[in-house]
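A.B. asks:
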Amino acid sequence: MEKSPAHKKIDEKFPDAVLDAHAQHGDETLIIRKDAILDVAQLLKEDPELQFNFLMDLTAVDYIGRQPRFEIVYIFVSIPNSTRLRVKLQSDDLYPTVKSLTPLWETANFLERECYDLYGIRFDGHPNLTRIMLYEGFEGHPLRKDYPKKKRQPLIGPGAKSSHKH
Amino acid sequence: METKTKTPPEEQFFFTTDEPEFKTKEMLLNMGPSHPAMHGIVKIAVKLQGELVMDADIEIGYLHRAMEKTCEDCTWNQATIYTDRLNYVSPIINNVGYVMAVEKLLGIEIPPRGQYLRTILSELSRIADHMTCIGAAAMEMGAMTVFLYAMKGREFLYELFEDYCGARVTTNATRVGGMPADLPDGWIDKMHRALKEERKIIKEIDGLLTCNRIFYDRIKGVGVMKADDAISYGFTGPCLRAAGVEYDVRKNFPYLVYDQADWSIVVGTEGDNFDRYLVRMEEMEQSARICEQLVKKIPDGPHSVSDKHIMLPDKENTYGNIEGLMNHFKLIMHGHGIRVPSGEAYQAVEGGNGELGFYVVSHPIEGEEEDGCASRPWRVRVRPPCLHLVAGIPHMIKGDMVADVIPSFGSINMIGGELDR
Chain Y
1292 MEKSPAHKKI DEKFPDAVLD AHAQHGDETL IIRKDAILDV AQLLKEDPEL
1342 QFNFLMDLTA VDYIGRQPRF EIVYIFVSIP NSTRLRVKLQ SDDLYPTVKS
1392 LTPLWETANF LERECYDLYG IRFDGHPNLT RIMLYEGFEG HPLRKDYPKK
1442 KRQPLIGPGA KSSHKH
Chain U
4 METKTKTPPE EQFFFTTDEP EFKTKEMLLN MGPSHPAMHG IVKIAVKLQG
54 ELVMDADIEI GYLHRAMEKT CEDCTWNQAT IYTDRLNYVS PIINNVGYVM
104 AVEKLLGIEI PPRGQYLRTI LSELSRIADH MTCIGAAAME MGAMTVFLYA
154 MKGREFLYEL FEDYCGARVT TNATRVGGMP ADLPDGWIDK MHRALKEERK
204 IIKEIDGLLT CNRIFYDRIK GVGVMKADDA ISYGFTGPCL RAAGVEYDVR
254 KNFPYLVYDQ ADWSIVVGTE GDNFDRYLVR MEEMEQSARI CEQLVKKIPD
304 GPHSVSDKHI MLPDKENTYG NIEGLMNHFK LIMHGHGIRV PSGEAYQAVE
354 GGNGELGFYV VSHPIEGEEE DGCASRPWRV RVRPPCLHLV AGIPHMIKGD
404 MVADVIPSFG SINMIGGELD R
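Keeping their order, the protein sequence lines are chains Y and U.
First residue of the first sequence? That's 1292 in my numbering, and the numbers climb one at a time after it.
First residue of the second sequence? That's 4 in my numbering, and the numbers climb one at a time after it.
Printed below as a string of structure tokens:
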């Protein structure tokens, strides 16, 4: 398969960053080394030809039972070129840590908080990595495949202690 | 007309001078979640200096229902029902986006008639969405008449949805592989009548608001989000276009049959509340144009794929003969259903508020599914346009008056179901 322009550019600047590439169903996808994400994202954003100036989405997928278990998925969009690029990182750690993209895009703030909240993925360099959808005191990260769905969470708020006893 | 420009807080007010008698204490005010304009589900903590917003922090998650997690326990078609509850003002767009993502995974394309139906229904939903946004935003500023007119306008569209799929809000109007039914008799005439009414109402709202001195002064130059910031905050849809960025999924990444109609992207210049209002008003007209052009071109033929492994049989066959019944059984019962090959796909559609993306992953459950296919989604990720818009609120309201928080919040059309999922 011929390399895409984005793949070529990354290869030029960071020769060992791209681990794999595919274009399944027409979605161009690069799998890159986990610790290279900030550099690669900066290159994608600032390169005058690629111009991936928009961080469209950031999420994770838990492939439990597979090695590596977690995939962190970024979707970049170039508005001037009307192109989309999916960048994936893979990690087998129980609580993967990746570099935060908040220095490049403001929107990474909420997206990374959500990813941390629901998957337990840590983002290094995030200004306020706290839960966003769930509350402080919630136990576990519910979008993980091994989260027990019928688990009861501890009650919070006024009167929680007394009602907990019964 | 002269435009108000935002001045930095220190220059605008005398409170911050060093004279002790003018000093006022900074106050922290929690707006919401139990506040009508916050829809009961968002809390904005604003730091006030007098009436000036110095800083703001936003808290969301009050309506989190674990939609993405729930979808993992559904069959491919069952998950469509949960997408209704995302942006519940334009549910058909959500339905279309999700099933298109699954169809991408399956590698199928539905027949042209189905694509036309999806496009037309999506555009009617967009009109309903924008109408609700404008009506509600105006009501929050005291223009009750506009709200009532807008609700009346939405009703004509909801009747069309009801005629098509039997429901007004929770439409579930698509299936993986096509549409549940063809258009009922007389639907197209009814649509033309509805669009005529719609245009009348748009004109009325326009007369009430656009050149209204009170409305104009209240929202012009307020809640500004410039193009660079809007991109950095991940704004899409009318809010991004109001800042002057020409990005519309329907044009940039064409899907369905949007290229068959003649229409244009609406852009603003300033990115303030007034521009967002104008962009929405004009987009309704553009959507009406798309609908009118496309109904003339709807081709004959089936509206769904004929593959019996994907599409449910017609109800006459399910209840009328054994083959149909077995086909139905094989698609519905636990352990059967549509088999989607493992893989991943991202499909974006232009929702009422911007790019609504579905990142769907199919991955066989180890030990249960050995053919490399899955009968349930492994992961359904929704890229909600609202989350990004809400994240940008603190930036928009900083430096404005506390009374401007409500119109700014109203202008982004925050929909809780989509924000918190």
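Virtual Cβ for every residue (Gly too), placed ideally from N, Cα, C.
Could you work out which residue in Glu143(U), Tyr119(U) and Asn215(U) is closest to glutamine 263(U) when comparing CA atoms only?
C.D. replies: Comparing Cα-Cα distances from glutamine 263(U) to each of Glu143(U), Tyr119(U) and Asn215(U), the minimum goes to Tyr119(U).
A.B. asks: Which residues in chain U have a C-beta closer than 9 Å to the C-beta of leucine 1334(Y)? List them in chain order.
C.D. replies: Residues of chain U passing the Cβ test: none, with the nearest at roughly 17 Å.
A.B. asks: Can a CB atom of chain Y be found closer than 9 Å to the CB of histidine 366(U)?
C.D. replies: Taking Cβ atoms only, chain Y reaches closer than 9 Å to histidine 366(U), which makes this a yes.
A.B. asks: Using a C-beta to C-beta distance shorter than 7 Å, which residues of chain Y count as neighbours of glycine 64(U)?
C.D. replies: Here the neighbours are Ile1423, Met1424 and Leu1425.
A.B. asks: Look at valine 385(U) and phenylalanine 361(U) and say whether their C-beta atoms are less than 9 Å apart.
C.D. replies: Their beta carbons are under 9 Å apart, which means valine 385(U) touches phenylalanine 361(U) by this criterion.
A.B. asks: Out of Phe1361(Y), Met1424(Y) and Glu1303(Y), point me to the one whose CA is closest to leucine 1334(Y)'s CA.
C.D. replies: Selected option, being the one with the closest Cα: Glu1303(Y).
A.B. asks: CB valine 269(U) to CB proline 241(U), shorter than 9 Å?
C.D. replies: The answer is yes: Cβ separation under 9 Å.
A.B. asks: Using a threshold of 9 Å, state whether the C-beta atoms of glutamate 29(U) and lysine 50(U) are closer than that.
C.D. replies: In contact: glutamate 29(U) and lysine 50(U) (Cβ atoms closer than 9 Å).
A.B. asks: Entirely within the region 311-389 of chain U and at least 4 residues each: give me those alpha helix (DSSP H) ranges in chain order.
C.D. replies: Fully enclosed alpha helix (DSSP H) runs of 4 or longer: 318-323 and 325-335.
A.B. asks: Under 8 Å, CB to CB, which of the residues in the region 1385-1399 of chain Y have a partner in chain U?
C.D. replies: Under the 8 Å Cβ criterion, the region 1385-1399 of chain Y contributes Trp1396, Glu1397 and Thr1398.
A.B. asks: For the alpha helix (DSSP H) holding serine 1373(Y), just list the boundary residues, first then last.
C.D. replies: Per DSSP, serine 1373(Y) belongs to no alpha helix (DSSP H) and is neither H nor E.
A.B. asks: Run the CB neighbour count on asparagine 416(U), radius 10 Å, all protein chains shown included, and call it buried at 16 or more, exposed below.
C.D. replies: Classification for asparagine 416(U): buried.
A.B. asks: Under DSSP, the beta strand (DSSP E) around phenylalanine 1345(Y) begins and ends at which residues?
C.D. replies: First-last of the beta strand (DSSP E) with phenylalanine 1345(Y): 1345-1353.
A.B. asks: Is the beta carbon of isoleucine 208(U) less than 9 Å from the beta carbon of methionine 284(U)?
C.D. replies: Cβ atoms of isoleucine 208(U) and methionine 284(U): closer than 9 Å.
A.B. asks: Please indicate yes or no: does the CB of alanine 1327(Y) lie closer than 8 Å to some heavy atom of the ligand ADP?
C.D. replies: The ligand ADP is absent from the structure shown, which contains no ligand whatsoever.
A.B. asks: Determine whether the Cβ of aspartate 232(U) lies closer than 9 Å to any Cβ atom of chain Y.
C.D. replies: Yes, aspartate 232(U) lies at the interface with chain Y (some Cβ there is under 9 Å from its Cβ).
A.B. asks: Interface residues of chain U around glycine 1356(Y) at Cβ under 7 Å?
C.D. replies: Under the 7 Å cutoff, chain U gives Glu369.
A.B. asks: How is lysine 299(U) classed by DSSP in three states: helix, strand or coil?
C.D. replies: Helix, per DSSP.
A.B. asks: For alanine 291(U), which of Lys199(U), Lys300(U), Glu421(U) and Ala59(U) has the nearest alpha-carbon?
C.D. replies: Residue Lys199(U) is the option with its Cα nearest to alanine 291(U).
A.B. asks: Only counting the same chain, and skipping five residues up and downstream in sequence, which positions put a Cβ closer than 6 Å to that of methionine 4(U)?
C.D. replies: Here the model assigns methionine 4(U) a pLDDT of 44, short of 50, so the residue's position is not dependable, and the following value carries that caveat. Counting only Cβ-Cβ distances below 6 Å, and skipping sequence neighbours, we find nothing.
A.B. asks: For asparagine 371(U), which option in Ala394(U), Val308(U) and His337(U) has the closest C-alpha, if you only look at C-alpha atoms?
C.D. replies: It should be pointed out that residue 371(U) corresponds to glutamate in this sequence rather than to asparagine. Nearest C-alpha to glutamate 371(U): His337(U).
A.B. asks: When you compare only the Cα positions, how much space is there between glycine 354(U) and asparagine 98(U)?
C.D. replies: Roughly 11 Å between the two C-alpha positions.
A.B. asks: Just to confirm my understanding: we take histidine 331(U), look at its own chain, exclude 5 residues before and 5 after, and list those with CB closer than 7 Å. What are they?
C.D. replies: Excluding sequence neighbours, histidine 331(U) sits near Leu315, Pro316 and Thr321.
A.B. asks: For the candidate residues His339(U), Gly274(U), Gln52(U) and Met34(U), whose alpha-carbon lies nearest to that of threonine 27(U)?
C.D. replies: Nearest of His339(U), Gly274(U), Gln52(U) and Met34(U) to threonine 27(U), Cα basis: Gln52(U).
A.B. asks: Between alanine 40(U) and the rest of its own chain, which residues show a CB-CB distance below 6 Å, the 5 nearest in sequence each way excluded?
C.D. replies: Result list for alanine 40(U): Glu143 and Ile409, in chain order.
A.B. asks: Keeping to the same chain, check which residues put their C-beta closer than 7 Å to that of arginine 171(U); ignore five residues upstream and five downstream.
C.D. replies: Excluding sequence neighbours, arginine 171(U) sits near Tyr161, Phe164 and Glu165.
A.B. asks: Less than 9 Å between the beta carbons of threonine 135(U) and alanine 153(U), yes or no?
C.D. replies: Contact: yes.
A.B. asks: Cα-Cα, which of Met404(U), Pro115(U), Asp403(U) and Pro388(U) is closest to aspartate 423(U)?
C.D. replies: Closest option to aspartate 423(U), Cα to Cα, is Pro388(U).
A.B. asks: Can you tell me which of the three DSSP states lysine 1441(Y) falls into?
C.D. replies: Reduced to three states, the DSSP call for lysine 1441(Y) is coil.
A.B. asks: Leaving out five residues before and five after threonine 6(U) in sequence, what residues of the same chain have Cβ atoms less than 7 Å from its Cβ?
C.D. replies: Confidence in threonine 6(U) is poor, its pLDDT being 48 and thus under 50, which makes the residue's placement unreliable; the coordinate value appears in the next sentence. Closer than 7 Å at the Cβ level, and outside the excluded window around threonine 6(U), lie Lys223 and Gly224.
A.B. asks: Here's the rule: buried if 16 or more other CB atoms are within 10 angstroms of the residue's CB, otherwise exposed. What is tyrosine 101(U)?
C.D. replies: Looking at its Cβ environment, which holds 16 or more other Cβ atoms inside 10 Å, tyrosine 101(U) is buried.
A.B. asks: Who are the Cβ neighbours of isoleucine 1359(Y) in its own chain at under 6 Å, not counting the five residues just before and after it?
C.D. replies: In the sequence as displayed, the identity of residue 1359(Y) is proline instead of isoleucine. Contacts found: Gln1381, Ser1382 and Asp1383.
A.B. asks: Please classify cysteine 1406(Y) as buried or exposed, where buried requires at least 16 neighbouring CB atoms within 10 angstroms.
C.D. replies: Answer is buried; the Cβ neighbour count reaches 16.
A.B. asks: If you measure beta-carbon to beta-carbon, which residues of the region 1333-1353 of chain Y are closer than 7 Å to chain U?
C.D. replies: Those would be Asn1344, Phe1345, Leu1346, Met1347, Asp1348, Thr1350 and Val1352, in chain order.
A.B. asks: If we call anything under 9 Å between Cβ atoms a contact, is leucine 212(U) one with tyrosine 280(U)?
C.D. replies: Yes.
A.B. asks: Tell me the residue span of the alpha helix (DSSP H) that contains alanine 1332(Y).
C.D. replies: Alanine 1332(Y) -> alpha helix (DSSP H) spans 1328-1337.
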